[in-house]
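Novice: Let me give you the structure first, and then I'll get to my questions.
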């Protein structure tokens with residue numbers, strides 16, 4: 068813990084107005100006091116932080132969005148009614164692992180080389196905001212999907228760290244479980260965890276006991292996976308409501324494989340096809356879970372002082388486009404969710420791949436029923452959460468504090484660019500303009516105010532705007548690992564997407 072604390076101090080001084088000698092002095096003081104940081108302020112003034120992430124959940128699929136007539140999400144709608152709904156919220160990548168890495172660190176994941184899933188794991192020297200909250204005395208818990216440890220396609224990491232490992236004909240490797248565990252939530256700032264996706268979980272507390280059980284162990288848990296993850300989230304709140312806490316809930320849905328209970332399927336008898344019906348049922352399970360989490364916060368009288376975020380890690384995979392494949396089929400296929408009205412899907416830097424649902428509630432602080440059109444990023448979750456607990460201006464963060472916007476104390480902040488780089492695609496949005504470049508030098512420029520569906524490429528009509536945005540994008544990539552935009556020809560999947568949606 069002390070080593071991580073020292074790292075936090077030195078990371079916190081990078082790029083700040085403090086000099087290194089002050090950082091050393093602070094480190095000496097911490098050593099003198101046993102390496103502990105005492106949280107200041109009474110319990111009631113320190114908000115709980117709850118971040119709820121759905122998985123491959125398209126923009127259309129909250130009923131409060133007013134887009135899809137068949138979706139039903141009364142509990143998430145209630146969050147929006149009692150808080151704020153953002154209409155132009157973006158993830159930093161159209162894929163789970165890089166998107167989640169940015170959310171947890173508050174930094175563009177390309178700064179530490181995690182452009183896409185094969186670049187996992189999340190480096191241990193990257194400081195998550197769970198670690199920052201933990202150092203302030205917060206109880207920290209992680210439930211559900213993690214997806215930031217080395218995986219079967221982490222070939223570079225495997226070759227560097229597992230000499231002699233064999234790569235299969237499918238281009239995959241078998242990462243030893245004990246090596247993957249080196250990058251699990253307990254190594255990234257989470258003191259309590261119930262980590263898993265379907266029925267196998269790595270846990271250090273039980274669903275039927277109030278006291279954490281200590282060391283992590285594997286546990287088989289039968290049942291519907293979303294309901295299991297909800298139970299684990301509620302149990303964490305029950306265990307920790309007397310102290311300030313941070314809870315991250317990573318629901319593994321509506322991501323495939325699709326799974327639904329009969330009672331939830333019965334809610335959607337008129338769905339357009341079976342995959343849509345199952346997708347709606349998965350989203351309903353998540354919504355039920357949100358309702359139970361909010362009810363638990365209310366039961367323990369901590370709801371009013373809890374800052375709750377709900378969002379998705381990326382857009383839905385439509386797979387050209389929404390085939391009604393058999394429900395039991397896995398792989399990279401449609402999960403039954405919709406990205407309407409946006410163009411594109413998961414894996415693309417089109418709006419459908421990166422523009423996501425985003426709802427924030429904090430009854431003690433922010434006004435109700437706000438609908439905010441200003442572009443924001445899931446990068447902003449970390450900066451906002453830290454500001455809420457009194458930690459401001461962490462200079463290495465790329466996100467901004469959303470509280471001034473949520474408070475309505477500022478009508479708007481100055482426009483800032485939002486950047487992306489994924490596979491052989493790079494993009495930037497600034498104000499109403501979005502510039503998108505492929506590795507084969509194809510370029511697109513869209514006016515998202517008049518053309519939010521990205522139907523008209525203005526690259527020829529507005530060359531000066533395009534060049535200015537390209538220069539800003541190129542400048543941003545100079546600070547990445549590796550630097551620069553891709554000059555490689557789009558891969559087969561990218562070619563199929565852009566030929567279908569843009570040509």
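Residue numbers (the numbering used here): 68 to 570.
Just so it is clear, CB atoms sit at the ideal spot from N, CA and C, and this is done for glycine as well.
Since we're looking at a predicted model, the values are computed, not measured.
1) Per DSSP, what are the beta-bridge partners of residue 505 in this structure?
2) Would the stretch 306–315 and the stretch 384–396 be scored as touching if the rule is three or more Cβ pairs under 8 Å?
3) Cα separation between residue 401 and residue 112?
4) Taking 8 Å as the cut-off, does the stretch 296–305 touch the stretch 334–344 (at least 3 CB pairs, one atom from each stretch)?
5) Using the three-state DSSP reduction, which class does residue 437 fall into: helix, strand or coil?
6) Answer yes or no: do residue 261 and residue 268 have a C-beta to C-beta separation smaller than 7 Å?
7) Whole angstroms is fine: what's the gap from residue 449's alpha carbon to residue 466's?
8) With DSSP as the reference, label residue 420 as helix, strand or coil.
9) Residue 433 and residue 150 look like a contact to me (Cβ under 8 Å); what is the Cβ gap, rounded to whole Å?
10) Would the beta-carbon of residue 264 fall within 7 Å of that of residue 212?
11) Alpha carbon to alpha carbon, what distance is there between residue 413 and residue 364?
12) Are the beta-carbon atoms belonging to residue 134 and residue 127 less than 7 Å from one another?
13) Using CA atoms only, rank isn't needed, just tell me which of 391, 199 and 187 is closest to residue 228.
14) Just the C-alpha distance for residue 138 and residue 334, rounded to the nearest angstrom, thanks.
15) In this structure, does DSSP put residue 260 in helix, strand or coil?
16) With a threshold of 6 Å on Cβ separation, who are the neighbours of residue 140 within its own chain once the five nearest residues in sequence on each side are excluded?
17) Grouping DSSP H, G and I as helix and E and B as strand, with all else coil, what is residue 204?
18) Are there 16 or more other CB atoms within 10 angstroms of the CB of residue 217, so buried, or fewer, so exposed?
19) Determine, using beta carbons only, whether residue 38 and residue 443 come nearer to each other than 7 Å.
20) If you run the structure through DSSP and keep just helix, strand and coil, what is residue 578?
21) Using a Cβ-Cβ cut-off of 6 Å (strictly less than) and excluding sequence neighbours within five positions of residue 419, which residues of its own chain qualify?
22) Does the distance from the C-beta atom of residue 525 to that of residue 512 stay below 7 Å?
23) What's the call for residue 147, buried or exposed, on a 16-neighbour Cβ count within 10 Å?
24) Quick one: grab the DSSP three-state call for residue 99.
25) Compare the C-alpha of residue 501 against each of 553, 521 and 488 and name the closest.
26) Which residues does DSSP pair with residue 115 in a beta bridge?
27) Any contact of the stretch 234–243 with the stretch 199–209, i.e. 3+ C-beta pairs under 8 Å?
28) What does the alpha-carbon distance come out to for the pair residue 115 and residue 372?
29) Is it true that the CB of residue 358 sits closer than 7 Å to the CB of residue 196?
30) If you draw a straight line from the C-alpha of residue 531 to the C-alpha of residue 538, how long is it?
31) Given residue 387, which residues of its chain have a CB within under 7 Å of its CB, disregarding the five upstream and five downstream residues?
Specialist: Answer, in terms of the structure:
1) Numbered from its first residue, the chain shown carries residue 505 at position 438. According to DSSP, which records beta bridges pairwise, residue 505 is partnered with 492.
2) no
3) Within the chain shown, the letter at position 334 stands for residue 401. Within the chain shown, the letter at position 45 stands for residue 112. Cα to Cα, residue 401 sits roughly 44 Å from residue 112.
4) no
5) Here residue 437 refers to the residue found at position 370 of the chain shown. Residue 437: strand per DSSP, three-state reduction.
6) Taking the first residue of the chain shown as position 1, residue 261 is located at position 194. Taking the first residue of the chain shown as position 1, residue 268 is located at position 201. Contact: yes.
7) Your numbering for residue 449 matches position 382 in the chain shown. Your numbering for residue 466 matches position 399 in the chain shown. Taking the straight line joining both Cα atoms gives about 7 Å.
8) To locate residue 420, count along the chain shown from 1; it is residue 353. Residue state, collapsed to three classes: helix.
9) Position 366 of the chain shown, counted from the first residue, corresponds to residue 433. Position 83 of the chain shown, counted from the first residue, corresponds to residue 150. Their Cβ separation, rounded to whole angstroms, is 6 Å, which keeps residue 433 and residue 150 in contact under 8 Å.
10) The count along the chain shown starts at 1 and reaches residue 264 at position 197. The count along the chain shown starts at 1 and reaches residue 212 at position 145. Going by C-beta atoms, residue 264 is nearer than 7 Å to residue 212.
11) Against the chain shown, residue 364 aligns to sequence position 297. Against the chain shown, residue 413 aligns to sequence position 346. One C-alpha to the other measures close to 33 Å.
12) Position 67 of the chain shown, counting from 1, holds the residue named residue 134. Position 60 of the chain shown, counting from 1, holds the residue named residue 127. Yes. Within cutoff.
13) Against the chain shown, residue 228 aligns to sequence position 161. When only C-alpha atoms are compared, the closest one is 187.
14) Position 71 of the chain shown, counted from the start, is the residue given in the question as residue 138. Position 267 of the chain shown, counted from the start, is the residue given in the question as residue 334. Roughly 10 Å between the two C-alpha positions.
15) Working through the chain shown from its first residue, we reach residue 260 at position 193. Here residue 260 sits in strand by DSSP.
16) Counted from its first residue, the chain shown places residue 140 at position 73. Result list for residue 140: 129, 130 and 354, in chain order.
17) Taking the chain shown and counting its residues from 1, the one referred to as residue 204 is at position 137. In the structure shown, residue 204 sits in coil (DSSP, three-state: anything other than H, G, I, E or B).
18) Taking the chain shown and counting its residues from 1, the one referred to as residue 217 is at position 150. Residue 217 should be labelled buried.
19) The first residue shown for the chain is 68 and the last is 570, placing residue 38 beyond what the model contains.
20) A question about residue 578 goes unanswered here, because the residues of the chain that appear run from 68 up to 570.
21) Position 352 of the chain shown, counted from the first residue, corresponds to residue 419. Here the set comprises 382, 406, 409, 410, 411 and 412.
22) Residue 525 sits at position 458 when you count from the first residue of the chain shown. Residue 512 sits at position 445 when you count from the first residue of the chain shown. Yes, they are a contact pair.
23) Counting from 1 along the chain shown, the entry for residue 147 is found at position 80. Residue 147 is buried by the Cβ-count criterion.
24) Position 32 of the chain shown, counted from the start, is the residue given in the question as residue 99. A caution first: residue 99 carries a pLDDT of 36, below 50, which makes its placement in the model unreliable, though a value can still be read off. Residue state, collapsed to three classes: helix.
25) Within the chain shown, residue 501 is the residue found at index 434, counting from 1. Of 553, 521 and 488, the residue nearest in Cα terms is 521.
26) For this step, residue 115 is matched to residue 48 along the chain shown. Looking at the DSSP assignment, residue 115 forms a beta bridge with 373.
27) no
28) Translated into positions along the chain shown, residue 115 becomes position 48. Translated into positions along the chain shown, residue 372 becomes position 305. Distance between the alpha carbons of residue 115 and residue 372 is about 6 Å.
29) Mapped onto the chain shown, residue 196 falls at position 129. Mapped onto the chain shown, residue 358 falls at position 291. No, these two residues do not count as a Cβ contact at 7 Å.
30) One-based indexing of the chain shown puts residue 531 at position 464. One-based indexing of the chain shown puts residue 538 at position 471. So the alpha carbons of these two residues sit roughly 11 Å apart.
31) Walking along the chain shown from the start, residue 387 turns up at place 320. The answer, listed in chain order, is 563 and 567.
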